[in-house]
Amino acid sequence: MYTRSSDRSRPLLFSFRQWLFLSCCFSCLLVCGRIAVTGHLTYLSLVWNLFLAYVPYAISGWLTGRPAVMESRWKTGAVLLVWLLFIPNSFYIVTDLFHLVEVHTAPKWFDLLILFSFSWNGLLLGILSVRKTEMVLQVVSGRRLSLLFVFAFMWLNAFGIYLGRYLRYNSWDVVVQPFSLFGEMLELVGHPLQNKMEWSMVTSWSVFMTLLYITLREMAEHMRVYKLQ
Numbered sequence: 003m004y005t006r007s008s009d010r011s012r013p014l015l016f017s018f019r020q021w022l023f024l025s026c027c028f029s030c031l032l033v034c035g036r037i038a039v040t041g042h043l044t045y046l047s048l049v050w051n052l053f054l055a056y057v058p059y060a061i062s063g064w065l066t067g068r069p070a071v072m073e074s075r076w077k078t079g080a081v082l083l084v085w086l087l088f089i090p091n092s093f094y095i096v097t098d099l100f101h102l103v104e105v106h107t108a109p110k111w112f113d114l115l116i117l118f119s120f121s122w123n124g125l126l127l128g129i130l131s132v133r134k135t136e137m138v139l140q141v142v143s144g145r146r147l148s149l150l151f152v153f154a155f156m157w158l159n160a161f162g163i164y165l166g167r168y169l170r171y172n173s174w175d176v177v178v179q180p181f182s183l184f185g186e187m188l189e190l191v192g193h194p195l196q197n198k199m200e201w202s203m204v205t206s207w208s209v210f211m212t213l214l215y216i217t218l219r220e221m222a223e224h225m226r227v228y229k230l231q
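Each residue of the sequence shown is one higher than the last, beginning at 3 in the working numbering.
Structural data, given as structure tokens:
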């Protein structure tokens, strides 16, 4: 038997949310330590990126704790629309690994640790946020349809990552400069053959993030079932 009854009653040192918070704090401390030693503000923007990754996690957590809101489809849809604008930020942090070859003011291993740490926490926040949203959609539309939404979310995530990394748009540019943003989007959609590399990037990332999400979701479910045996 994997788990004994005494194990189940044993109090945890920290809750999952507290461990997640400590992990995020560790990432931020790494950046602070680097700034203190080198005197350069390199990677300080990662703290802001991590905050943006937390926003959709907070939104999905707020929604799952509001049954009255979930009873209204238009209210749920409005909240999910805001969530959808910010969720690409959670997965976008992974692309900050590109910066590893651009900076030479600290040991590579330390910079790699910083970048990977932020990427890991961003992915965790994103996956947890998508899972919370999937649970909301299961209540609203059923399990099968909610899985289709997950595929759509991951594709839009990948599209958002491309817009952010290569075209340098942010979530709030939907309001700040909507015409420029939608013009770029129409150019991509209207000329797919001329943008084969761009669509290859979006498709590859969407498949990767979908597999990552489903694998971790099923692994968590497997461990939960196995633990109860």
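Yeah, the Cβ is synthetic: ideal placement off N, Cα and C, and Gly gets one too.
Sequence-distant residues of the same chain with beta carbon closer than 7 Å to residue i, five excluded per side
{"i": "L43", "result": "I37"}
{"i": "S207", "result": "Before going further, note that residue 207 is Trp rather than Ser in the sequence given. Around W207: A160 and I163."}
{"i": "L126", "result": "L22"}
{"i": "M203", "result": "Y164"}
{"i": "L169", "result": "E186"}
{"i": "W201", "result": "P194"}
CA nearest to the CA of residue i, picked from the options
{"i": "K134", "options": "L149, R167, C26 and G41", "result": "L149"}
{"i": "L48", "options": "K77, G41 and D113", "result": "D113"}
{"i": "N91", "options": "F151, N172 and L15", "result": "N172"}
{"i": "A55", "options": "L188, M221, L218 and V132", "result": "V132"}
{"i": "S74", "options": "L169, S202, C30 and V138", "result": "V138"}
{"i": "P69", "options": "F153, E189 and V141", "result": "V141"}
{"i": "G35", "options": "S62, V103, L15 and T107", "result": "T107"}
{"i": "S121", "options": "L46, N51, V204 and R219", "result": "N51"}
Neighbour-count burial assignment, residue i, 16 or more Cβ in a 10 Å radius
{"i": "F93", "result": "buried"}
{"i": "M211", "result": "buried"}
{"i": "V57", "result": "buried"}
{"i": "W174", "result": "exposed"}
{"i": "G192", "result": "exposed"}
{"i": "S62", "result": "buried"}
{"i": "V152", "result": "buried"}
{"i": "M3", "result": "Note on M3: pLDDT 39, under 50, position unreliable in the model; the coordinate value appears next. Exposed."}
{"i": "G166", "result": "buried"}
{"i": "M225", "result": "exposed"}
Chain-order list of residues whose beta-carbon lies under 8 Å from that of residue i (same chain, five-residue window excluded)
{"i": "V71", "result": "L65, K77, T78 and V81"}
{"i": "F28", "result": "S119"}
{"i": "L218", "result": "I129"}
Contact belief for residue i with residue j at Cβ below 8 Å, rounded distance in angstroms
{"i": "I89", "j": "G124", "result": "Contact doesn't hold; Cβ gap of about 11 Å is too wide."}
{"i": "L32", "j": "I116", "result": "5 Å"}
{"i": "V176", "j": "L86", "result": "Between L86 and V176 the Cβ distance is about 10 Å, and since that is not below 8 Å, they are no contact."}
{"i": "L130", "j": "Y59", "result": "6 Å"}
{"i": "N197", "j": "L188", "result": "So it is not a contact: roughly 11 Å between Cβ atoms."}
Any non-hydrogen atom of the ligand SAH within 7 Å of residue i CB
{"i": "L190", "result": "Summarising the ligand content, the structure contains no ligands, and the ligand SAH is consequently not present."}
Three-state class that DSSP yields for residue i in the structure shown
{"i": "Q20", "result": "helix"}
{"i": "Y164", "result": "helix"}
{"i": "Q196", "result": "helix"}
{"i": "S202", "result": "helix"}
{"i": "P180", "result": "helix"}
{"i": "R170", "result": "coil"}
{"i": "Y45", "result": "coil"}
{"i": "E106", "result": "At residue 106 the sequence reads His, which differs from the Glu that was named. If DSSP states are grouped into helix, strand and coil, H106 belongs with coil."}
{"i": "I95", "result": "helix"}
{"i": "L15", "result": "coil"}
{"i": "E136", "result": "helix"}
{"i": "S119", "result": "helix"}
{"i": "E73", "result": "coil"}
{"i": "R68", "result": "coil"}
Residue i at chain B interface by Cβ criterion, 8 Å
{"i": "G185", "result": "Looking for chain B here will not work: only one protein chain is present."}
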